[in-house]
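Residues 36 to 238 in the numbering used here are what the sequence shown lists, from first letter to last. Glycine included, each C-beta is placed from N, C-alpha and C at the ideal position. Just so you know, these numbers come straight off a predicted model, no measurement behind them.
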Amino acid sequence: MDGAGDIAHPIGGSAIADPGMAAALLSGRKTQMRVLRTSPLAGAAPGDRIGLREACIAGRYEAGQIYSTSLAKAGMVIFPDGWRQHRDGSGERGRPPTDPDHKWITAMRMPEWASRATLVVEWTRTERLQRITRADVRAEGARPLLGGLLWRWPRPIPGFHARARLAFARYWDIRHSTPGERWRDDPEVVVLGFRVERRVSGL
């Protein structure tokens with residue numbers, strides 16, 4: 036979930052989340068993230084605020100109907116879970132978009148006014164990746180099933196895993212396949228502990 040520009044532009048970085056991780060953040064299940072020492076987020080300090088960026092569809096109302104449009108003309112964005120974030124800062128629930136003709140905007144191009152949550156850094160520490168504990172894996176957003184006999188990540192990440200560390204290793208390697216950055220390479224990472232501030236109620 037490394038990324039890069041927050042609503043307040045505090046440290047030159049934003050957190051990019053897929054739909055499953057966005058849900059984990061907004062529900063409060065995800066309260067940690069690990070980033071490489073080379074990430075823009077590695078310089079975060081307690082009190083820094085990191086904007087959440089997600090893929091979305093730019094939309095506008097016309098005659099009571101919602102139409103997809105360009106970002107320049109957008110009065111709202113629609114997220115994969117159906118949430119509609121308006122340019123004026125308000126928001127509302129809606130049905131998830133299903134039209135295959137909708138044009139999706141990548142998370143990096145999401146406008147700053149559309150961010151629906153901010154991560155407020157509470158603490159940081161530096162350690163080797165493989166020092167992660169079972170409790171840390173849960174704080175990263177994984178869910179234990181059957182009393183911890185199996186672990187899984189929010190969709191769209193596939194699969195069930197027999198151990199928490201194995202679940203995290205596979206999750207990490209999906210995003211970090213470069214030699215020196217993989218789980219087996221045990222790179223040095225910065226761990227960010229944070230709380231999530233939602234920008235609107237009802238999420």
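Bridge partner(s) assigned by DSSP for residue i
i	result
alanine 202	Its beta-bridge partners do not exist; DSSP assigns none.
methionine 111	Gly94, His121
threonine 153	Gly86, Glu232
C-beta atoms of residue i and residue j nearer than 7 angstroms
i	j	result
arginine 187	arginine 178	yes
leucine 61	valine 70	no
serine 49	arginine 88	yes
valine 172	phenylalanine 195	no
arginine 241	glycine 176	An answer regarding residue 241 cannot be provided, because it is not within the stretch 36 to 238 covered by the chain.
valine 235	glycine 126	yes
histidine 137	isoleucine 92	yes
arginine 219	glycine 55	no
glutamate 229	glutamate 147	In the sequence as displayed, the identity of residue 229 is phenylalanine instead of glutamate. In this structure, glutamate 147 does not lie closer than 7 angstroms to phenylalanine 229 by Cβ.
valine 231	alanine 170	no
arginine 130	glycine 110	no
aspartate 208	arginine 217	yes
Assigned exposure category for residue i - 16 Cβ within 10 Å defines buried
i	result
arginine 144	exposed
proline 222	buried
leucine 154	buried
aspartate 41	With a pLDDT of 28 at aspartate 41, under the threshold of 50, the modelled position of this residue cannot be trusted; read the value that follows with caution. Flag for aspartate 41 reads buried.
aspartate 123	exposed
valine 226	buried
glycine 86	buried
aspartate 83	buried
methionine 36	Caution is warranted here: a pLDDT of 46 is assigned to methionine 36, below 50, making its placement in the model unreliable, and the coordinate value is therefore given only provisionally. The residue is buried, with at least 16 neighbouring Cβ atoms inside 10 Å.
alanine 90	buried
alanine 107	exposed
threonine 66	buried
Span of the beta strand (DSSP E), counted from its first residue to its last, around residue i
i	result
methionine 143	Element bounds for methionine 143: n/a, residue is neither H nor E.
arginine 69	67 to 71
arginine 178	178 to 180
Continuous alpha helix (DSSP H) stretch holding residue i: start and end
i	result
serine 49	Taken as a continuous stretch (DSSP letters only), serine 49 belongs to no alpha helix (DSSP H), being part of the beta strand (DSSP E) at 49 to 51.
leucine 61	54 to 62
arginine 187	No alpha helix (DSSP H) contains arginine 187, which is instead part of the beta strand (DSSP E) from 185 to 187.
alanine 79	Looking at the DSSP string, alanine 79 is not in any alpha helix (DSSP H), and its letter there is neither H nor E.
alanine 170	169 to 174
Interface flag, residue i vs chain E, CB-CB below 7 angstroms
i	result
methionine 56	Among the chains of the structure shown, chain E does not appear; only one protein chain is present.
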